[in-house]
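Protein chains in written order, with my numbering: chain A, 929 to 1249; chain B, 11 to 706.
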């Protein structure tokens, strides 16, 4: 079994405020699922180590010639005799694309919760959360090409449309993460946040280039890889014909013989995906479908905040002498 | 182990199915959907033997279930001894209780009843114990459980049918209650230990008529486990009309012909117009016009009895117009007037109102039933033996000559009864002579006396026991004699004067009895002769003496016919079917099994008695099972098989033995257990395989 990445949340230990994914998936309405997770998250947040985090924080920047003097903080000037500009996080301008993999491999479920259910619930949760903060949220569904595109907007009915789009079943016969991301890079002209939700169980050769186009375009990219527990552990013990959910191809496999090789192959693949993300400055997060969504959401926010600071430091850092 | 239907064992070859499937499954492995084959490589299957069976335990379970199922259909049994001796505690106990009362003579009933009984015999298994009893007014056993079990099993039904064929409905009434309780008790007594083990069925085959006596059913404690199965039989045409002779109306008993008849028509009848005519005692018709009677359904009407043709003493009143003719004839024997002689041993004139004979002669008016002649028996002080020979009773009004007293004493001691009236104290000598013991008497000095104590328990005064008749205080006795009874004399004082001296005393004399009045009824002694009590008292004395008792002529089935009472050694009894039976003169006739006229002949004296069906037997509308259920009878609804009167064939001994053992049940239980085990095992295996994943 591959080792869990360092930024992955700990395995679900259900306590107060955490909802078991199986119980959560019993709720038919996707919107209601998202509300349950977000509201549960906010309730639990008061006791969480991330207490005090908010997107509505301010920061200061030294005044330079040409800056708008309306934003000078006169009180700070009175205390420190220095000019600082009061800068607000432009939250309403945050444009988030939720890029969700809808290929057939996402339909796999060994513990009662399919990856597709988990992915779309997580997408709905993030959409609900970000929409609640005033961000514009859009949706991209793909398999081997971009299937559905819902531009990011912040208006009434946007989340409802987004939920309806996520209600569609899986249908793709193949997965190609590269082509859809390239197409997205063409569609998303303005910088924003791009969250990719996929199992990434496809060759990654073309993927790095497409991801690079997004990061280069200034998008903040977060890749959340969703895996089934059985995909990680490969808990099969009897020889069987393994059938590819996407292509329908069949392979006679003796799990006892092939488990180590499978796990090694998967580990290499995951490592490569993480390495690509790290190289391109994208966040990579791996989740297993038995983890509570609140933990994933918390991890996402924590990572988003950390990356935001890094980016800000990079932006606000004085030019090298 | 043997099988009743061994060809079903061929079904066991179906085990080839699971064997084949378990072999085929190897090449057709289960497919496991998986999200990606990116990290998997094809691996050639490991070399295994081609005919290797997988899931051996499952295969064994499936094959065993199929084999057991085939075995169950083949109806197995252990053929140790065929037929085995019927175990005492297994099988049912069936008591068929068949109604043979007169109402079962209605058209079609008996045929249906016997068919139902035969069906019960045919359905009895080898382990069942069957008995047959019949009942009308009595319960009789036709064959017992012991006889049934002693018969060879393959001959039981035939032998039971033979016994059944000898039966026919009789003429008696229906005593259903005593029959049911009696049968239940006899049946439980027949079982060792007193309580019947296993299922006990009392199959009642009857028309369950409304007039059946249900006496004894209420509160009866039925044997444990007993169930009464009702098998009612119904006639082809409902309804019944009957004619019945009613007893003479006491209010008009003095008239020549006071008998009445009643025509009863049941509520389910469709007829209402009937004709009545007389039949001769031997069943032949009499030339007499018929009378018409209209009786609506559910009603009854009483008519005066049409007079019998002249010169005919007995006959049957025949009702026509009713299909159920078992009760359409009512037999009638005209009561014959008795001629009695009372010897009067007084020398006075019977016409002189100053003497007792005058009143005695007028105390016995002639009636339709009885003519009493008061005959003086004393001629010149001597007793006429000729009169005494015919006399049934004697009245001695006072003193007799010693010879005459001795004759009378012998006559009374021979078994007769006499009344001695002590008209003066000197008559005590005659009383002493009659009793054989000196008796003293004295004249009473009082102005008058009344009766002070009366023994109303004695038959003489019993009719006056009711308060409205018991007032004797208005009768004044101007003179009476004070009788002193010697110690040791057997006597019973029936009435005393208010001075406590005996007024009326009864003495046993030999085989006869003697009454002694201590005062006369002539006007000098008392007002008794003009009192309203006088005539009834003398009538009662006559009946008490045994001479004046009314002789009934109408009887019901089963009643004993009385002795004619003419003192003959033998009596020739003639039954309605013409059979003549001679019985002792003092023995009543008990075999009243047929309705009709029974004739008792003693020399020239002929007495006729009419025997009829009990009137309740004519109430033929059926009882419901609820009526019996309310009385606590443990009714059980008849099983659908039981009501089928025709049985196609009797099961063979092998079939009965198989039916007794019922091994197929164990086989089926095994199939179910194996099936459950197979389901559990297969489910576990599916879970194990299914842990690989699924597509949602």
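C-beta: ideal position from N, C-alpha, C; glycine also.
What separation, rounded to the nearest whole angstrom, lies between the Cα atoms of residue i and residue j?
i	j	result
residue 343/B	residue 293/B	14 Å
residue 330/B	residue 244/B	22 Å
residue 447/B	residue 410/B	16 Å
residue 204/B	residue 149/B	Per-residue confidence for residue 204/B stands at a pLDDT of 45, beneath the threshold of 50, marking its modelled position as unreliable; the derived number appears in the next sentence. For residue 204/B and residue 149/B, the distance between alpha carbons rounds to 20 Å.
residue 115/B	residue 181/B	8 Å
residue 101/B	residue 174/B	23 Å
residue 1177/A	residue 45/B	11 Å
residue 452/B	residue 434/B	8 Å
residue 66/B	residue 691/B	11 Å
residue 512/B	residue 541/B	20 Å
residue 1184/A	residue 1099/A	31 Å
residue 957/A	residue 49/B	35 Å
residue 670/B	residue 163/B	14 Å
residue 1084/A	residue 1164/A	47 Å
residue 214/B	residue 580/B	43 Å
residue 1116/A	residue 988/A	29 Å
residue 421/B	residue 353/B	12 Å
residue 346/B	residue 289/B	19 Å
residue 486/B	residue 507/B	10 Å
residue 242/B	residue 219/B	10 Å
residue 679/B	residue 630/B	52 Å
Which residues in the same chain have their Cβ closer than 6 Å to the Cβ of residue i, if we skip the five residues on either side of it in sequence?
i	result
residue 687/B	71
residue 1216/A	1155, 1157
residue 216/B	109
residue 76/B	24, 25
residue 191/B	226, 230
residue 555/B	403, 427
residue 21/B	80
Whole-angstrom Cβ separation of residue i and residue j, contact assumed at under 8 Å?
i	j	result
residue 1065/A	residue 1055/A	5 Å
residue 309/B	residue 275/B	6 Å
residue 418/B	residue 491/B	Actually they do not touch by this definition, with Cβ atoms about 19 Å apart.
residue 1170/A	residue 1191/A	So it is not a contact: roughly 15 Å between Cβ atoms.
residue 521/B	residue 474/B	Wrong, their Cβ atoms sit about 27 Å apart, outside the cutoff.
residue 106/B	residue 125/B	Not really, about 12 Å apart at Cβ, beyond 8 Å.
residue 73/B	residue 43/B	About 32 Å; that fails the 8 Å criterion.
residue 78/B	residue 684/B	7 Å
residue 407/B	residue 366/B	5 Å
residue 461/B	residue 505/B	5 Å
residue 1023/A	residue 1111/A	Wrong, their Cβ atoms sit about 17 Å apart, outside the cutoff.
For residue i, I'd like the list of residues in its chain whose CB is within less than 7 Å of its CB, leaving aside the five on either flank, ordered along the chain.
i	result
residue 443/B	412, 415, 416, 419
residue 16/B	84
residue 1093/A	1067, 1069, 1076, 1078
residue 303/B	273, 284, 286, 311, 313
residue 18/B	80, 83, 84
residue 646/B	237, 238, 239
Take the Cβ of residue i as the centre, count every other Cβ of all protein chains shown within 10 Å, and call the residue buried at 16 or more, exposed below.
i	result
residue 494/B	exposed
residue 426/B	buried
residue 696/B	exposed
residue 390/B	exposed
residue 998/A	exposed
residue 689/B	exposed
residue 489/B	buried
residue 642/B	exposed
Once you ignore the five residues that flank residue i on each side, which residues in its own chain have a CB closer than 8 Å to its CB?
i	result
residue 1252/A	Outside the shown range of chain A (929 to 1249) lies residue 1252/A, about which nothing can therefore be said.
residue 166/B	131, 134, 140, 158
residue 734/B	It is not possible to answer for residue 734/B, since the shown part of chain B is limited to 11 through 706.
residue 510/B	462, 463
residue 12/B	86, 87, 88, 89, 664
With a floor of 4 residues, list each alpha helix (DSSP H) that falls wholly inside the segment 1119-1172 of chain A, ordered by position along the chain.
1135-1144, 1157-1161
In chain order, which beta strand (DSSP E) runs of at least 3 residues are fully inside the segment 149-213 of chain B?
149-153
In the segment 68-140 of chain B, which residue ranges form an unbroken alpha helix (DSSP H) of at least 4 residues, counting only runs that do not cross its ends?
119-133
Entirely enclosed beta strand (DSSP E) segments - the segment 487-523 of chain B, minimum 3 residues:
491-494, 502-507, 512-519
Fully enclosed by the segment 446-490 of chain B, which beta strand (DSSP E) runs are 3 residues long or longer?
450-453, 461-464
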